[in-house]
Each structure stands twice: as C-alpha cells, then as structure tokens.
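>
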Amino acid sequence: MTRKILVLPGDGIGPEITAQASRVLAACQARGLDVEVEEAPVGGTAYDLEGSPLPESTLAKARAADAVLLGAVGGPKWDKLEDISKRPEKGLLGLRKELGLFGNLRPALLYPQLAEASSLKPELVSGLDIMIVRELTGGIYFGQPRGIEERDGQRVGYNTYVYSEAEIERIGRVAFEMAQKRAKKLCSVDKANVLEVTMLWREVMERLAPEYPDVELSHMYVDNAAMQLVRAPKQFDVVVTGNMFGDILSDAAAMLTGSIGMLPSASLNESGQGMYEPCHGSAPDIAGQNVANPLATILSVAMMLRYSLGEAALAERIEAAVGKVLDEGLRTADIAAEGERAVSTSEMGDAVLAAFEAL
Ligand code: NAD
Ligand code: IPM
Ligand code: MN
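Each residue of the sequence shown is one higher than the one before, counting from 1 in UniProt numbering.
#1: Given that a residue counts as buried once 16 or more other Cβ atoms are within 10 Å of its Cβ, and exposed if not, what is Asn193?
#2: What do you reckon, are the CB atoms on Leu314 and Leu33 nearer than 9 Å?
#3: Quick one, which of Pro278, Val291, Asp223 has its alpha-carbon nearest Val301's?
#4: Whole angstroms is fine: what's the gap from residue 405's alpha carbon to Ser282's?
#5: Would you call Tyr111 buried or exposed, if buried means 16 or more other Cβ atoms sit within 10 Å of its Cβ?
#6: Determine whether the Cβ of Ser218 lies closer than 9 Å to any Cβ atom of chain C.
#7: Report the option in Thr332, Gln235, Ala336 whose CA atom is closest to the CA atom of Asp350.
#8: Just the Cα atoms here: how many angstroms apart are Lys121 and Ile132?
#9: Could you give the distance in angstroms between the alpha-carbon of Asp152 and the alpha-carbon of Tyr158?
#10: Three or more C-beta pairs under 8 Å: does that hold for the stretch 135 to 145 against the stretch 94 to 107?
#11: For the beta strand (DSSP E) containing Ile130, list its first residue and its last residue.
#12: Comparing alpha-carbon positions, which option in Glu328, Ala358, Leu6, Val352 lies nearest Ala60?
#13: What number of angstroms, rounded off, separates the C-alpha of Leu101 from the C-alpha of Pro88?
#14: Mapping DSSP to helix, strand and coil, what is Lys184?
#15: What distance in whole Å lies between the Cβ atoms of Ala225 and Leu217, which are believed to be in contact at a cut-off of 8 Å?
#16: Grab the span of the alpha helix (DSSP H) containing Glu39 for me, first residue to last.
#17: If contacts are defined as beta-carbon pairs under 8 Å, then Val68 and Tyr307 qualify, I think. What distance do you get, rounded to the angstrom?
#18: For Val343, I'd like the list of residues in its chain whose CB is within less than 8 Å of its CB, leaving aside the five on either flank, ordered along the chain.
#19: Closer than 6 Å by C-beta to Gly71: which residues in its own chain qualify, once you throw out the five before and the five after it? Chain order, please.
#20: Hey, how far is the Cα of Ser188 from the Cα of Arg207?
#21: Using a Cβ distance threshold of 8 Å, determine whether the stretch 234 to 244 contacts the stretch 165 to 178, with at least three qualifying pairs required.
#22: Evaluate Gln113 with the Cβ neighbour count: other Cβ atoms within 10 Å of its Cβ, from every protein chain shown; 16 or more gives buried, anything less gives exposed.
#23: Who are Thr4's beta bridge partners in DSSP?
#24: By a C-beta neighbour count over all protein chains shown, 10 Å radius and 16 as the cutoff for buried, is residue 363 buried or exposed?
#25: Assuming Leu128 and Pro233 make a contact with CB atoms under 8 Å, what is their CB distance in whole Å?
#26: Which residues count as close to the ligand MN when the rule is a CB under 7 Å from any of its heavy atoms, in chain order?
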C-alpha cells in the first residue's frame, strides 16, 4: 500500500535542509520505497501566504499522512506579530497537539568522526549515545491559564505547569520501553524538590518501575542534569523529562555530538503516526546562504523510515551513508575545524546521496 508523506519546509533554512532530505527520500523511492510525497506550507511562510501558521489544508494533509517531515519555523520577520496565535511557532505547536504527538525522541549520538567537533574533550564524548524522551504535548507549553494581564497597576505574565497522571504515565511507558531496547538505564529528570507537578511526575515514574524490572530507574534534578550532561554525559542512556526541560537539555546534548545541526527527532502519537524534524530552528542568521548542515534533517528521514514506515534497512542505509560522508572528511561550517574547508548544504546532500547509492 502506498503510504503518504507530507513535507513541510517552513521558514529560514527549512527549505534548504528539507530539499536535501527530500532528495534522500527520492533515492529511497528509487529503491522500492512505496510512498507518495506532497509539500505544504507551515509557519511564517504559511502566515504570509494564507494568514495562518497552520492552515486548515496543511493540517488536513498532516492528519491524512503516515508521516510528516518538517524543516523549521520562525524568524525575526514574525517575532513582532501582536496576535501570538499567528506566530510561526504556534503552527508547529498546533501540529504537535492536533496530531497528539506526545512522545518526542531526540537521540544524541556521537558519530566517532566528529569527536573533535564536540565542545567537550573527545574522551568525554567518545561512544556517546543518549536518547532523550521529551513529553511534547503538555507541561508548561500548553497549561491553562496563561497570558499577560494587568494586575495591581502593572502587567504580569503567567503560564501553568501542569501534568496529569495519565500524561506522565504514557510518556513514562515510552521511556521504559526505549530503555529496555537499549542499555536499560532510565534517568527521569525533574524539579521535584520545588515543583508539585514534578513531585507527581517522580511518583508516577516510581509506580511504573516494577513493571520494567530489567530497567534501572534513577531520578535527577534538572539543574544537576544540565551540569552532569557537560561533566560526564556518558553516564546517561535514556533520559525522560517534561516538555520544557527536554527542550533545553536536548539543545545542550546536541552540542556534545558536534553541532545542533546533527540532532534529528521523532515525535510519535499513540497510533505510531509521526512527525520528524531536526531539533534546531530556522537559523535566520545563516538562512538563504546554502551553508546550513542538512544532516539532522536527513537523519530525521532515517528515523521516519524506522519508526513510521517499518523500513529499518533503508534507515540504516541512510545512517551508514552519513557515516561514510563524515569518514571522507566532508564537513559543513558548523562541524568543520578552524581553517578547514567547509562544504555547502547542497554539496553535503550530493555526498550523502552518492554514498547512499554506493553502499
Ligand atoms: P536555531 O536553532 O535556529 O539557531 C541557533 C544557532 O544554531 C544559530 O547560530 C544557527 O545558525 C545555528 N544552527 C541551527 N541549525 C543549524 C544547522 N542546521 N546548521 C548549522 N547551524 C545551525 O535557534 P534560535 O536562533 O534560537 O531560533 C531561531 C528561530 O527558530 C526562532 O524563530 C525560533 O522560534 C525557531 N525555532 C524553531 C524550531 C523548530 O522549528 N523546530 C526549533 C528551535 C527554534
Ligand atoms: C523545538 C523548538 C520548539 C519547542 C519551538 C520552536 C516551539 O525549540 O522543537 O525544540 O520549544 O519545542
Ligand atoms: Mn528547541
């Protein structure tokens, strides 16, 4: 049966990086992957075209797709929009919420060829393989009430950090199951010394633990986790945490692997439908220059093949092609050593395609 993939290039470097990932997808089609690929606007680009960062037609296509590949959204052009429901980021958050994509997997995996590109010493990161499981449709990002209003003669801004037991339990299960498939260590990150919502989080994780006796569960406060990630990151196998802590910790973890341009992600719902995107943003500072690293987006295609399309062999082929290109010494500017020649976004795409074909 032909499956449907929706590509949402978005803003900034989004179109440049998804263009390279789409070429890799096309190479998979040429090798028998039976998919139909369609594109639609999202984010600021969609706002400019249709007055909404998530047009109804884009949402309908996303619902109908087996998997979505997203570039990135946002940029200074839209940062001043008064109506925050029209901001590009709301398009992304709306997609996550509407599709129920609560389980966000962010693998911080060091390609050995990039040990020197990491901001940590090679011995601290060699062999690094962390899976961050981030809750994606709840927490302070979505809690009510929220807003900015006048109180006692001045404006106050507020958000609500809330999780139900059911929300904690379902992300907990994703993380425990992930740990079972890996090194069987799960670290739950919270702020249970201060915040009731994460006291409940910790309690629910503890309650689940006996169902996964082969997994060693530990807990860590988020401030310590941030420190441990840069002190001794290899102590972590699977990390499970809420929406905002996961957002922050995953950007930090990305840098251990050489660059934010190396970190892919999968966002899954209860029926296995997924959205795949690099963890980084639209990088307005380098947009339109053909210099962005497309590998996080290309590796997100590999995650799509693995988690939504049941095509593990093709996923491995893409990952191996990325490894080969790095072996050959190709580097975009973000992962190049000082003084080393950097390749462009499209040259990196060319090289991955050539390696994919040659494998
Ligand atoms: P960013 O991730 O876009 O950029 C941070 C830094 O990393 C910049 O210096 C950028 O050039 C660099 N960078 C990011 N991706 C890169 C790549 N593939 N190759 C090389 N360098 C790369 O974060 P920001 O600057 O804080 O945010 C910019 C915009 O992106 C904002 O509007 C923000 O809301 C949005 N954003 C979107 C997403 C998303 O769509 N998932 C994620 C994060 C931020
Ligand atoms: C990410 C981004 C988003 C988030 C923003 C753009 C809404 O930073 O995907 O990591 O905070 O989740
Ligand atoms: Mn982020």
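Each residue gets a CB set at the ideal place from its N, CA and C atoms; glycine is no exception. The model shown is predicted, which means the values in this text are computed figures rather than measured ones.
On the basis of the supplied data:
#1: Under a 10 Å Cβ-count criterion, Asn193 is classified as exposed, with fewer than 16 other Cβ atoms of the shown protein chains found around its own Cβ.
#2: Yes. Within cutoff.
#3: It is Pro278 whose Cα lies nearest to the Cα of Val301.
#4: Because residue 405 is not part of the residues shown, which for the chain are 1 to 359, the question remains open.
#5: The residue is buried, with at least 16 neighbouring Cβ atoms inside 10 Å.
#6: Reference to chain C is not applicable here, since this structure consists of a single protein chain.
#7: With respect to the C-alpha of Asp350, the residue from Thr332, Gln235, Ala336 having the closest C-alpha is Thr332.
#8: Rounded to the nearest angstrom, the gap between the Cα atoms of Lys121 and Ile132 is 21 Å.
#9: One C-alpha to the other measures close to 15 Å.
#10: The stretch 135 to 145, when compared against the stretch 94 to 107, does touch it at the 8 Å Cβ threshold.
#11: First-last of the beta strand (DSSP E) with Ile130: 129 to 135.
#12: Check the Cα spacing between Ala60 and each of Glu328, Ala358, Leu6, Val352: the tightest is with Leu6.
#13: Annotation: Leu101 to Pro88 spans about 18 Å, alpha carbon to alpha carbon.
#14: Coil.
#15: About 14 Å separates the two Cβ atoms, so there is no contact after all.
#16: Note, Glu39: premise wrong, no alpha helix (DSSP H); beta strand (DSSP E) at 35 to 39.
#17: No, Val68 and Tyr307 are not in contact; Cβ-Cβ is about 12 Å, not under 8 Å.
#18: Within the same chain, Cβ atoms closer than 8 Å to the Cβ of Val343 are found at Leu330, Arg331, Thr332, Ala351, the five residues on either side in sequence being excluded.
#19: Leaving aside the five residues that flank Gly71 on each side, the residues in its chain whose CB is nearer than 6 Å to its CB run, in chain order, Pro9, Gly10, Gly14, Ile17, Thr18.
#20: Straight-line measurement puts the Cα of Arg207 at about 13 Å from the Cα of Ser188.
#21: These segments touch.
#22: Burial is judged here by how many other beta carbons sit within 10 angstroms of a residue's own beta carbon; Gln113 has at least 16 and is buried.
#23: Here residue 4 is Lys; the residue named in the question, Thr, does not match the sequence. In DSSP, Lys4 forms a bridge with Glu36.
#24: Here the chain comprises residues numbered 1 to 359, so residue 363 is not present and cannot be evaluated.
#25: Indeed, because the Cβ distance is near 6 Å, the residues count as touching under 8 Å.
#26: Any residue whose Cβ sits closer than 7 Å to a heavy atom of the ligand MN makes the list: Asp247, Ser250, Asp251, Cys279, Gly281.
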